[in-house]
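A.B. asks: Protein sequence lines, in the order shown, are assigned to chains A and B. The first sequence: position 229 = 238 (our numbering), numbered continuously. The second sequence: position 42 = 51 (our numbering), numbered continuously. Even for Gly, the Cβ is constructed at its ideal location relative to N, Cα and C.
Protein chains: 2
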Amino acid sequence: MSKKRMLLKKDMKEKRELINIEIDRFLPRKDEYPKQIHKAIRHTLFAGGKRLRPYLMTNTYKLFRDDIEKTFYIAGILEMIHTYTLIHDDLPEIDNDDYRRGRKSCHVVYGSDIALLAGDALLSYAFNALANAEIDHRLKYQMLAELSEETGHSGLIAGQVVDIESENKKVSQKTLNFIHNNKTARMINIPVRFGCYMANAPAEDQKRLAKFSQKLGLAFQIVDDILDIEGSKATLGKSPGKDEKSHKATFPSVYGLERSRKMASELIESAKELLQKYDEKAKLLLMLCDFVLTRKF
Amino acid sequence: MSKKRMLLKKDMKEKRELINIEIDRFLPRKDEYPKQIHKAIRHTLFAGGKRLRPYLMTNTYKLFRDDIEKTFYIAGILEMIHTYTLIHDDLPEIDNDDYRRGRKSCHVVYGSDIALLAGDALLSYAFNALANAEIDHRLKYQMLAELSEETGHSGLIAGQVVDIESENKKVSQKTLNFIHNNKTARMINIPVRFGCYMANAPAEDQKRLAKFSQKLGLAFQIVDDILDIEGSKATLGKSPGKDEKSHKATFPSVYGLERSRKMASELIESAKELLQKYDEKAKLLLMLCDFVLTRKF
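Given below as structure tokens:
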């Protein structure tokens, strides 16, 4: 492993532990009544996710300010929202995936009824935690309004729906972009945007970093599609080959494997270019870009 | 039909139409892309529900102020939350009910995947609509915090979970109360409480009306349980006998039919007593209490 990659790995681990402490602190205890739902919520939330979205938020904030601990609470909320989408995605209704983050999916352990409700509970809880956040009122509103829009019918869910509708169909590049921009890129854009908001970043930087996150988000999804073909359950932590089996719209299915790889690589290059102006401060974000491209899980 | 009942029926119809116009106004169009999800959302939302929760909110507000049109927006949001719970409840995972509000359930028409996402979308959209409401900031926060708590893991969902866990089991009165207080009474209490908030009702009235809604909510659920035994699909708009078939914890199964009827009747009597001080202004709420007790659907 290169020195850079080791540094990134160490830093991601450190931040992940801090975020986990924060999430654990504000989440209901697992023995709270009724126990089943609280255990189910924690099952997927603490199944060893990469905490990529919190990490992105914290490191975006770090471009402008050093007191990164101020981002942990909101970063934890974003991870809760992300986890809610994973639990519902894995349900037999949608992707029917028995593995997630290397463990049995929530519905396999707790049943589909409890898993469905665990996802619902996480979504309500995320908004509840945000409504109770001790931050500037104006900022809180903006985040509440944006988060509820991005996760809703014209955002995340629109991507999900078109993804479902596109199964077993030949899809256009436009449709593929729609799916991935909504289903994945949005939840990569939000942490970057919220990191800017919290750091009170200048408008010009917000614009640049929005472009950055757009490219990173798309690259992330392309690599996800490639890993679904090439990865193994041991490295992925979820079942590989699912997209192919269910004839999902993926970058490799539309552009071919080679061109998909090239696209991801080009997106990452231009994402990195957008970070140049931040020099040393963007060191970890730059490493994260490389990680997104070369990751095996 | 008695004169009182006719007056109530007419007023409920009028208010229902006004609420429906409001919901229609702020909800995404049914031909918005992707169409499926937007049609699915509207399918259950406009399937002819009683709009009991909005009606309760509006009439609570009316005890203190006359400009009831100010409540319609928030009342519409409560109906969206209620509808999200219905769509998820009806899914094969949970109650597996093919009929709702006299029409085929959302998942029967649009598939379980789209129905699941339609519920998710409604929950996000309800919070989005509330975050964007043009009302006093403090009040908005309070409602956001309370609504996300009441619908979450320690509220509505706690009731749902214990309901599921109690199937095919002999439950105690304590457990039955827990289920119904959380699963049903909360969504009856909220409209009354929010109506008070919006009207800026004195603390003493808020306390009295909280007691009122607690009694009304419990009576509502007892009657629901009785109707599940005695009703028909034609009048109920949903499949009767489901509770018995799935051995759900109900008032008749714990207390017997006769005692359950008596309990509902006593609860309604004491709910009505709590309204005495409002005289003529509580006329419609008083009629609504009788309606909750004697309704056939």
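When the Cα atoms are used, what is the spatial distance from Asp237 (chain B) to Lys290 (chain B)?
C.D. replies: Distance between the alpha carbons of Asp237 (chain B) and Lys290 (chain B) is about 33 Å.
A.B. asks: Going by other Cβ atoms of all chains shown within 10 Å of its Cβ, with 16 needed for buried, is Phe306 (chain B) buried or exposed?
C.D. replies: Phe306 (chain B) comes out exposed.
A.B. asks: Using beta-carbon positions only, say whether Leu297 (chain B) and Lys224 (chain B) come within less than 7 Å of one another.
C.D. replies: The answer is no: Cβ separation not under 7 Å.
A.B. asks: Does the region 120 to 140 of chain B come within contact of the region 152 to 159 of chain A, defined as at least 3 CB pairs closer than 8 Å?
C.D. replies: In short, these stretches touch, since the Cβ pair count reaches three.
A.B. asks: Assign Ala280 (chain A) to buried or exposed, taking buried as 16 or more other Cβ atoms, counted over all protein chains shown, within 10 Å of its Cβ.
C.D. replies: Buried is the call here.
A.B. asks: For Lys19 (chain B), does the count of other Cβ atoms within 10 angstroms reach 16, so buried, or fall short, so exposed?
C.D. replies: By the neighbour-count rule (16 or more Cβ atoms within 10 Å), Lys19 (chain B) is not buried but exposed.
A.B. asks: Does the ligand ADP have even one heavy atom less than 6 Å from the beta-carbon of Tyr93 (chain A)?
C.D. replies: Ligands are entirely absent from the displayed structure, and the ligand ADP is therefore not among its contents.
A.B. asks: Measuring only the C-alpha atoms, how far is Gln215 (chain A) from Tyr82 (chain A)?
C.D. replies: C-alpha separation (whole angstroms): 21 Å.
A.B. asks: Got a sec, what are the start and stop residues for the alpha helix (DSSP H) Gln169 (chain B) sits in?
C.D. replies: Taken as a continuous stretch (DSSP letters only), the alpha helix (DSSP H) holding Gln169 (chain B) covers Leu165 to Glu174.
A.B. asks: Report yes if the CB atom of Lys192 (chain B) is closer than 7 Å to the CB atom of Gly168 (chain B), and no otherwise.
C.D. replies: Yes, the Cβ-Cβ distance between Lys192 (chain B) and Gly168 (chain B) is below 7 Å.
A.B. asks: Mapping the DSSP letters down to three states, classify Tyr42 (chain B) as helix, strand or coil.
C.D. replies: DSSP places Tyr42 (chain B) in coil when its eight states are reduced to three.
A.B. asks: At a CB-CB cut-off below 8 Å, which residues of chain A make contact with Glu174 (chain B)?
C.D. replies: In chain order: Pro43 and Gln45.
A.B. asks: With which residues is Leu108 (chain A) paired in a DSSP beta bridge?
C.D. replies: The sequence given here has Tyr at residue 108 (chain A), not Leu. According to DSSP, Tyr108 (chain A) bridges with A:Lys113.
A.B. asks: Name the two residues that bound the continuous alpha helix (DSSP H) containing Ser262 (chain A).
C.D. replies: Phe260 to Tyr264 is the extent of the alpha helix (DSSP H) around Ser262 (chain A).
A.B. asks: With burial defined as no fewer than 16 other Cβ atoms inside 10 Å of the residue's Cβ, what is the status of Ser265 (chain B): buried or exposed?
C.D. replies: A quick correction: the sequence has Gly, not Ser, at residue 265 (chain B). Exposed, by the Cβ-count rule.
A.B. asks: Measuring alpha carbon to alpha carbon, tell me which residue in B:Lys71, B:Tyr70, B:Arg74 and B:Glu88 is nearest Ile32 (chain B).
C.D. replies: Nearest of B:Lys71, B:Tyr70, B:Arg74 and B:Glu88 to Ile32 (chain B), Cα basis: B:Glu88.
A.B. asks: Alpha carbon to alpha carbon, how far is Gln151 (chain B) from Tyr287 (chain A)? Give it in angstroms, no decimals.
C.D. replies: C-alpha separation (whole angstroms): 40 Å.
A.B. asks: Can you tell me whether Phe306 (chain A) is helix, strand or coil according to DSSP?
C.D. replies: DSSP places Phe306 (chain A) in coil when its eight states are reduced to three.
A.B. asks: Relative to chain B, which residues along the region 81 to 103 of chain A have a C-beta separation below 9 Å, given in chain order?
C.D. replies: Hits within the stretch, in order: Tyr93, Thr94, His97, Leu100, Pro101, Glu102 and Ile103.
A.B. asks: Evaluate the contact criterion for the region 39 to 49 of chain B versus the region 177 to 185 of chain B: three or more CB pairs, one atom per stretch, below 8 Å.
C.D. replies: No, the region 39 to 49 of chain B does not touch the region 177 to 185 of chain B.
A.B. asks: Given a threshold of 16 other Cβ atoms within 10 Å of its Cβ, counted over all protein chains shown, does Lys12 (chain A) qualify as buried or as exposed?
C.D. replies: By the neighbour-count rule (16 or more Cβ atoms within 10 Å), Lys12 (chain A) is not buried but exposed.
A.B. asks: Using 7 Å as the limit for Cβ to Cβ distance, is Pro261 (chain B) near chain A?
C.D. replies: Answer no: the Cβ-Cβ gap between Pro261 (chain B) and chain A never drops below 7 Å.
A.B. asks: In this structure, how does DSSP classify Val180 (chain A) when only helix, strand and coil are distinguished?
C.D. replies: Note: Val180 (chain A) maps to coil in three-state DSSP.
A.B. asks: With a cut-off of 7 Å, does the C-beta of Pro37 (chain B) fall near any C-beta of chain A?
C.D. replies: So, interface residue.
A.B. asks: Do Asp106 (chain B) and Ser114 (chain B) count as a contact pair if the criterion is CB distance below 7 Å?
C.D. replies: Going by C-beta atoms, Ser114 (chain B) is nearer than 7 Å to Asp106 (chain B).
A.B. asks: Quick one: grab the DSSP three-state call for Leu131 (chain A).
C.D. replies: Here Leu131 (chain A) sits in helix by DSSP.
A.B. asks: Does the Cβ of Lys149 (chain B) have 16 or more other Cβ atoms within 10 Å, making it buried, or fewer, making it exposed?
C.D. replies: Under this definition Lys149 (chain B) is a buried residue.
A.B. asks: For Gly58 (chain A) and Glu26 (chain A), what's the separation of their Cα atoms in angstroms?
C.D. replies: Using only the alpha carbons, I get a separation of about 11 Å.
A.B. asks: Let's test the definition: count the other Cβ atoms within 10 Å of the Cβ of Asn137 (chain A) and tell me whether it reaches 16, buried, or not, exposed.
C.D. replies: It is buried - the Cβ of Asn137 (chain A) has at least 16 other Cβ atoms within 10 Å.
A.B. asks: Reducing DSSP to helix, strand and coil, say where Ser11 (chain B) ends up.
C.D. replies: Residue state, collapsed to three classes: coil.
A.B. asks: Please decide whether Leu153 (chain A) counts as near chain B, where near means a Cβ-Cβ distance under 7 Å.
C.D. replies: So yes, Leu153 (chain A) belongs to the interface.
A.B. asks: Should Asn177 (chain A) go down as buried or exposed, given a rule of 16 or more other Cβ atoms within 10 Å for buried?
C.D. replies: Asn177 (chain A) is exposed by the Cβ-count criterion.
A.B. asks: Return helix, strand or coil for Val154 (chain B), following the three-state DSSP convention.
C.D. replies: Here residue 154 (chain B) is Ala; the residue named in the question, Val, does not match the sequence. Helix at Ala154 (chain B).
A.B. asks: Below 8 Å on the Cβ atoms is my contact criterion, and I expect Gly204 (chain B) with Thr67 (chain B) to pass it. Report the Cβ-Cβ distance as a whole number of Å.
C.D. replies: Contact flag correct, Cβ pair sits at about 7 Å.
A.B. asks: Just verifying my parser: in three-state terms, what is the DSSP assignment at Phe203 (chain A)?
C.D. replies: Phe203 (chain A) falls in the helix class under three-state DSSP.
A.B. asks: Asp288 (chain A) lies in the alpha helix (DSSP H); which residues open and close that run?
C.D. replies: That residue, Asp288 (chain A), is in no alpha helix (DSSP H); it is neither H nor E in DSSP.
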